[in-house]
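Engineer: full-length UniProt numbering applies: residue 1 is where the sequence shown begins, and numbers increase by one.
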Amino acid sequence: MSESNSGFSLYTFAEVNDATENFSKRVGEGGFGPVFEGKLPNGEQIAVKRLKLNSVQGLVEFKNEIRLIAKLQHINLVRLLGCCIEGNERMLVYEYMPERSLDSFIIGSSGKFSWHVRARIIEGIAQGLLYIHEQSHLCVVHR
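1) Quickly, what does DSSP pair methionine 97 with across the bridge? List them, please.
2) In the DSSP assignment, the beta strand (DSSP E) including glycine 82 goes from what residue to what residue?
3) Taking 8 Å as the cut-off, decide whether the C-beta atoms of alanine 19 and lysine 49 are in contact.
4) Can you tell me whether valine 117 is buried or exposed, with buried defined as 16 or more other CB within 10 angstroms of its CB?
5) Identify, in the order they occur along the chain, each residue of the same chain with its Cβ nearer than 6 Å to the Cβ of tyrosine 131, setting aside the five sequence neighbours on each side.
6) Helix, strand or coil for glycine 35? Go by DSSP, reduced to three states.
7) To the nearest angstrom, how far is the alpha carbon of alanine 47 from that of leucine 138?
8) In the DSSP assignment, find the unbroken beta strand (DSSP E) run with valine 48 in it and report its ends.
9) In or out: arginine 120 buried (at least 16 other Cβ within 10 Å) or exposed?
10) Compare the C-alpha of lysine 63 against each of Lys112, Glu86, Ala126 and name the closest.
Written out as structure tokens, the structure reads:
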């Protein structure tokens, strides 16, 4: 693994494969591709988004997206730790969120939140969106 000054790491396929135990713990699927849970040698839990091999997104577009996402650092956004670009493999390595996604956390906790907590969750979402849309100076439109 190589790491830049920003803390962004470039992982080899072997490192990601080891961390995810051969991609054995699938935790979700998105437009990008499947998401796997893993653990780095230092014990840090990670989520790995593995680009579908039949994706139309090319290497240039993938690298541009990485550069953009890596610059977005906010308490209400999941942090991109690094990536893997090796052969046809394209993967993003994120910090792991134990509840999988905000919607599964909220649905799984149905009825357990006070109105005050619900308002704080909504405020956090709004702050994250405000950051990527206006405060980051990167002109990002969340899709």
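Just so it is clear, CB atoms sit at the ideal spot from N, CA and C, and this is done for glycine as well. Bear in mind that the values here come from a model prediction, so they are computed numbers and not experimental data.
Structural biologist: Once the coordinates are examined:
1) As a working note, residue 97 is residue 97 in the sequence shown. Answer is none; methionine 97 lacks a bridge partner.
2) As a working mapping, residue 82 is identified with position 82 in the sequence shown. Per DSSP, glycine 82 belongs to the beta strand (DSSP E) from 80 to 86.
3) As a working note, residue 19 is residue 19 in the sequence shown. As a working note, residue 49 is residue 49 in the sequence shown. Going by C-beta atoms, alanine 19 is not nearer than 8 Å to lysine 49.
4) Position 117 of the sequence shown, counting from 1, holds the residue named residue 117. Under this definition valine 117 is an exposed residue.
5) Locating residue 131 in the sequence shown gives position 131, where the first residue counts as 1. Once the five neighbours on either side are set aside, the close Cβ partners of tyrosine 131 are His74.
6) Locating residue 35 in the sequence shown gives position 35, where the first residue counts as 1. Here residue 35 turns out to be valine, not glycine, going by the sequence shown. In this structure, valine 35 counts as strand in the three-state DSSP scheme.
7) Here residue 47 is taken as the residue at index 47 of the sequence shown, counted from 1. Here residue 138 is taken as the residue at index 138 of the sequence shown, counted from 1. The alpha-carbon atoms of alanine 47 and leucine 138 are separated by roughly 24 Å.
8) Taking the first residue of the sequence shown as position 1, residue 48 is located at position 48. Counting along the chain, the beta strand (DSSP E) containing valine 48 begins and ends at 45 to 50.
9) Locating residue 120 in the sequence shown gives position 120, counting from the first residue. Under this definition arginine 120 is an exposed residue.
10) Counted from its first residue, the sequence shown places residue 63 at position 63. Closest option to lysine 63, Cα to Cα, is Glu86.
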